[in-house]
Structures are given as C-alpha cells and as structure tokens.
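Quick notes on the structure that follows.
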Amino acid sequence: MNVEKATIKDAPQIQKLVNSFAERGQMLARPLVEIYENLRDFFVVREAGNVIACAALHISWSDLAEVKSLAVEASHHRQGIGDALVSACIDEAAELGITTVFCLTYQPVFFGKCGFKEVEKKELPHKVWGECYRCPKFPDCDESAMTFAIGATADV
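Quick note: the sequence shown, position 72, residue 72 per full-length UniProt numbering, numbers continuous.
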C-alpha cells in the first residue's frame, strides 16, 4: 500500500468516493470544482490505478489544520489504509510546523485509535466552521470534534 499525493487524474475518483459516503450522511459532499481547487491537500491510495481511499489535510491557520474527506472503499476497510492516510496527514502537518490537527467526524472511535482526543466543538476557532453552512445538518451538527496535538516541532 502506497500513500501518495493526489494527481489531477485522481480528482473525479476522489469525488465519487467521498460523495458515496456523503449520500449515506457520513460526510459532507464535495463538488468536483472543490476537489480540483484543493487537490494539493489530498493523499490517495490506489489499487490497479484506481483510487480506493483518500484523505485531505487542509490548513486552517498557522498552527491548525484539518483532516477531512477521509474515505476508504468498504471492500478495503480494516486493512490499515485509513490509519496510513491519517498518519500521512499528521506527518505533513508536522513537516509544515503545524501543532494541532483536528477533525469533525462520525467515527470518533477510529480517530481515537489514531491518537485524536474528543473536544467540545466550541473549543475550535470559529474559522473552522466555514463549510458548515453547506451541511444539511447545519446548525445542528452531530459530528464529534477531535484534536491531535503534534507537540513541539522543529523550527522551520
């Protein structure tokens, strides 16, 4: 399994994968234009040239980034792919000097196993809620807010 940065040809497959989970109410749908605009945020895992998993690390501020759009095809669950994608996001955040990574998730047990801790949503800065108005559950968010503290990082 190789976790790699996404390429232009991956964008439609990323959208299809993410939106398949969004259709079941498990994450926010992403229009293709948004995938292209944020393609540099995405990591993917491919099998036979097809994207079977993806995740994005989106920088929110100088010390804060979000893991978002984590999706793994159901036939590939429980193989460590999601863990590897989250690790890639955390590693990239650390390389950039970001000290805190957060997520909004319906899978707190999974993220807990990855080292994230559940926090009150109000502890997150208001700027992280920029996409919430597009969510069909807004303003009654039922996702769990979680953070991962990278700790002291080397000076850049």
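Quick reminder that beta carbons are idealized off the backbone N, C-alpha and C, glycines included.
Residue i vs residue j beta-carbon contact at 7 Å
i	j	result
alanine 84	valine 3	yes
cysteine 89	alanine 71	no
glutamate 108	serine 144	Looking at the sequence provided, one finds proline at residue 108 rather than glutamate. Cβ distance < 7 Å, so proline 108 and serine 144 count as in contact.
glutamate 92	leucine 64	no
glutamate 66	phenylalanine 102	yes
residue 208	isoleucine 59	No information on residue 208 is available, as it lies outside the stretch 1 to 156 that the chain covers here.
methionine 1	valine 45	yes
phenylalanine 110	methionine 146	no
Using 8 Å as the threshold, is the stretch 6 to 14 in touch with the stretch 34 to 41, meaning 3 or more CB pairs across them? yes
Taking the runs of the alpha helix (DSSP H) that are 4 residues or longer, which of them lie wholly in the UniProt domain "N-acetyltransferase" (1 to 135)? 11 to 22, 32 to 37, 81 to 96 and 108 to 113
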